[in-house]
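Trainee: In this note's numbering, the protein residues as written are 42 to 132. Beta carbons: idealized from backbone N, C-alpha and C, even for Gly.
1) Within its chain, find whatever has a CB closer than 7 angstroms to the CB of residue 87; leave out the 5 residues flanking it on each side and keep chain order.
2) When the Cβ atoms of the region 94 to 101 are set against those of the region 42 to 53, are three or more pairs found closer than 8 angstroms?
3) Please identify the residue among 122, 59, 93, 42 whose C-alpha is closest to the C-alpha of residue 52.
4) Taking all protein chains shown into account, do 16 or more other C-beta atoms lie within 10 angstroms of the C-beta of residue 105, making it buried, or fewer, making it exposed?
5) Does the Cβ-Cβ distance between residue 63 and residue 114 come in under 7 angstroms?
Pasting the structure below:
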């Protein structure tokens, strides 16, 4: 699989690190235990198009939001990810 980085152009998959589903939003500091549990443990197992966060560590070090078909691995869009960074990687 090859990913077309909006900053570096087409690159090998090995330059990227998969973070996961781009859909979940971290609950606010006052969120309930139920909200935190859902955020941490419950994920959709999508068979088809899914938005994902990827990190281009072997290139420009940008966070990307990639829409990928989980059945065919076809990538339909790649864009810079907003609001993703070191805090998300560390937990």
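Mentor: In short, the structure shows the following:
1) Your numbering for residue 87 matches position 46 in the chain shown. So the list reads 111, once near-sequence residues are dropped.
2) yes
3) Position 11 of the chain shown, counting from 1, holds the residue named residue 52. Nearest option by C-alpha distance: 42.
4) Residue 105 sits at position 64 when you count from the first residue of the chain shown. Answer is buried; the Cβ neighbour count reaches 16.
5) Along the chain shown, one-based indexing puts residue 63 at 22. Along the chain shown, one-based indexing puts residue 114 at 73. Their beta carbons are not under 7 angstroms apart, which means residue 63 does not touch residue 114 by this criterion.
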